[in-house]
Amino acid sequence: MQNIAQRRGVRQFVKFGIVGASGFIVNLVIFTAIFQLTPVSEHPHIYMAAYSAAFLAGGVSNYALNRVWTFRATGHAVVQGLQFLTVSAIALVVGLIVSHLLQPFFGAGHRLWFLATVAGMLVNFFINKYWTFRTTA
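Okay, here's the thing in structure tokens:
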């Protein structure tokens, strides 16, 4: 029985990664569209709005796909949405802490970004699995 649970967790983790990649693409497409249609580079406030809109669109996409496909959640959608948002903020903080702690060893480059992203993803996955989407089919 334990072996089945482990495989289910691995499947969910892979799906979580696929959803995260799709959310990145949504984020990039929205930001690029806004960038092409507005003078983002000339106005910092437009950049912040474009970044925020793209980040939010990617987050909403991630929440919906994780709820329906990754975890097949059956709980209250609004409550789970707020929990998902909270977990995203926690994962961001974890990534920032990892960045701060490891920067003296790796510098501020792609290796550090990768390590911080992996740390944030692990936190994001496990808290969402066992808190946000704990009521699954």
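In this note's numbering, the protein residues as written are 119 to 255.
Using N, Cα and C, we set each Cβ at its ideal position, and we do this for glycine too.
Cβ distance (whole Å) where residue i is taken to contact residue j below 8 Å
i       : j       : result
Phe-179 : Ser-140 : The amino acid at residue 179 is misidentified as Phe; the sequence shows Ser. Between Ser-140 and Ser-179 the Cβ distance is about 7 Å, and since that is below 8 Å, they are a contact.
Gly-193 : Thr-253 : 4 Å
Ala-209 : Gly-238 : 4 Å
For residue i, the three-state DSSP class (helix, strand or coil)
i       : result
Ala-171 : helix
Ala-234 : helix
Ala-226 : coil
His-163 : helix
Thr-156 : coil
Cβ-Cβ distance between residue i and residue j below 8 Å
i       : j       : result
Ala-168 : Phe-149 : yes
Gly-213 : Thr-235 : yes
Val-137 : Asn-184 : yes
Phe-251 : Ala-191 : yes
Asn-145 : Ala-172 : yes
Nearest-angstrom Cα separation, counted from residue j out to residue i
i       : j       : result
Val-241 : Leu-233 : 12 Å
Trp-231 : Leu-219 : 12 Å
Val-205 : Gly-135 : 16 Å
Ile-143 : Ser-217 : 23 Å
Val-211 : Asn-246 : 15 Å
Ala-255 : Val-197 : Bear in mind that a pLDDT of 48 at Ala-255, under 50, signals an unreliable position, so the model cannot answer this.
Gly-225 : Phe-202 : 31 Å
Gly-127 : Tyr-248 : 11 Å
Tyr-165 : Phe-153 : 8 Å
Cβ-heavy atom distance, residue i to the ligand MN, below 7 Å
i       : result
Ile-136 : Although the ligand MN was asked about, the structure shown includes no ligands whatsoever.
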